[in-house]
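Worksheet: the structure to be examined is printed underneath.
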Amino acid sequence: MNMRELAKELKSVGGPRSGLSIAEAADTIWVTNSAEVYVLLTTERGWTPHRYERWLIDTWSRLLLPAA
Numbered sequence: 036m037n038m039r040e041l042a043k044e045l046k047s048v049g050g051p052r053s054g055l056s057i058a059e060a061a062d063t064i065w066v067t068n069s070a071e072v073y074v075l076l077t078t079e080r081g082w083t084p085h086r087y088e089r090w091l092i093d094t095w096s097r098l099l100l101p102a103a
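The end of the sequence shown is residue 103 by the working numbering, with every number in the run present.
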């Protein structure tokens, strides 16, 4: 899925947060979900894939969605 399309889907869960454009949200999704970040955290830092998944969910929630 194109990151811009995924960013547009944020509307279904109350996002994106105020002041965050679709383009900015797409860039945030793209950079945090890159293969390079995954490899750095799982291979270089020893994270499990599950820990990476939980971190990504938390990161996207904090950066892309309105505060609860």
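Built from N, CA and C at the ideal position, the CB exists for glycine as well. From a predicted model like this one, the values you see are computed outputs, not experimental measurements.
- Contact between ALA60 and LEU99 holds, with the beta-carbon distance rounding to 5 Å and staying under 8 Å.
- The three-state reading of DSSP puts TRP82 in coil, since its state is none of H, G, I, E or B.
- With contacts defined by Cβ atoms closer than 8 Å, THR77 and THR94 do not form a contacting pair.
- A buried status is given to PRO51, since no fewer than 16 other beta-carbon atoms sit within 10 Å of its beta-carbon.
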